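Peer 1:
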Amino acid sequence: MIKIKTKEEIEIMRESALIVSKTLGMLATEVKPGVSTLYLDKLAEEFIRSEGAIPGFLGLYDFPNTLCMSPNSQVVHGIPNKKPLIEGDIISIDCGSKKNGFYGDHAYTFAVGEILPETKKLLDVTRESLYVGIREFKAGNRVGDVGFAIQNFTEKHGYGVVRELVGHGLGREMHEDPEMPNYGKRGRGKKFTEGMVVAIEPMTNLGTHKIRQHSDGWTITTLDNKPSAHFEHDVAIINGKPELLSTFKYVHEALGVVTNEEDEFRAVL
Ligand code: MG
Ligand code: MG
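Taking my numbering, I'd label the letters of the sequence shown as residues 731 to 999.
(1) Mapping the DSSP letters down to three states, classify E903 as helix, strand or coil.
(2) Would you grab the beta carbon distance between T716 and T938 for me? Rounded to a whole angstrom, and I think it's under 8 Å.
(3) Classify N802 as buried or exposed, calling it buried when 16 or more other Cβ atoms lie within 10 Å of its own Cβ.
(4) Using the Cα positions of T949 and D907, report the straight-line distance between them to the nearest angstrom.
(5) Ignore the nearest five residues each way along the sequence and tell me which others in P794's own chain have a CB closer than 7 Å to its CB.
(6) Assuming S859 is part of the alpha helix (DSSP H), what are its boundary residues?
(7) Classify D964 as buried or exposed, calling it buried when 16 or more other Cβ atoms lie within 10 Å of its own Cβ.
(8) Around the C-beta of G764, are 16 or more other C-beta atoms found within 10 angstroms, so that it is buried, or is it exposed?
(9) What residues are listed by DSSP as bridge partners for V873?
(10) Taking only runs of the alpha helix (DSSP H) that begin and end inside the stretch 737 to 775, which ones reach a length of at least 4 residues, in chain order?
(11) Tell me I967's beta-bridge partners as DSSP assigns them.
(12) Thinking just about the alpha-carbon of each residue, which of E973, K762 and A959 is nearest to the one in K850?
(13) Quick one: using the 10 Å Cβ neighbour count with 16 as the cut-off for buried, is L846 buried or exposed?
(14) Is V981 helix, strand or coil when you go by DSSP?
(15) Cα separation between V862 and E931?
As structure tokens, this is what we get:
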């Protein structure tokens, strides 16, 4: 069942989303060759707690850490470890928080130093596909409209759209209805209405869409071992339109990226 949020609840969720947004912004300048994902995980945990929140993933389904850290061919759900990142890696960081009973859930794929042009393009296209999907998350549209838009855009570039892992409703639970696949058919699935809040999160592979799960029960890797990217925003329907609760503004300020891609999804004040 889809749990519709009141305006007050959405304002509380905005705070949780802002905390994960700031956490990724803080990490943006820490992601560099020689740094371990476990070190970044500890920084994130300290930061989230300093904001009066608790890490959203720690202990959720028994996940052992604050961040899901998925380098290179890992798609999502990677467990932080002591292995240092090296120049040319990419690292997908997924971050959850919980404050005042509501979750934030946010992901960004970072370049570690200089990366290959084909990998940079994968990151740019996946991030752009996120906004292509968000544009369809509006009252009257359906789940399939978002999935179709993301899949259509992504596959034009020859990339693989992961099928087994999907976005989701967000609220007092990390994973609520509806499931939000990054593939689908126009006009299919549950209808969007005012007050819905979801996490939209394309997971895009440079090669095949197929994946495999590791024996640790968590880590997911592309079947052909080519890189995979993951970007995620928390979005609410307000006045019939998609409005971002999370923001990459802190990441982009830290990295010197100039873009107006979020402007159309901001509150009109
Ligand atoms: Mg996430
Ligand atoms: Mg999510």
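From the three backbone atoms N, C-alpha and C, an ideal C-beta is built for every residue, glycine too.
Every value quoted in this text rests on a predicted model; they were computed, and no experiment measured them.
Peer 2: In this structure, then:
(1) coil
(2) A question about residue 716 goes unanswered here, because the residues of the chain that appear run from 731 up to 999.
(3) buried
(4) 24 Å
(5) So the qualifying residues of the chain are I809.
(6) It spans P847 to I864 - the alpha helix (DSSP H) in which S859 sits, taken as one unbroken run.
(7) In the assembly as shown, D964 is a buried residue. Its beta-carbon has 16 or more other beta-carbons within 10 Å.
(8) exposed
(9) According to the DSSP secondary-structure assignment, V873 is paired through a beta bridge with no residue.
(10) 737 to 758
(11) P972
(12) A959
(13) exposed
(14) helix
(15) 11 Å
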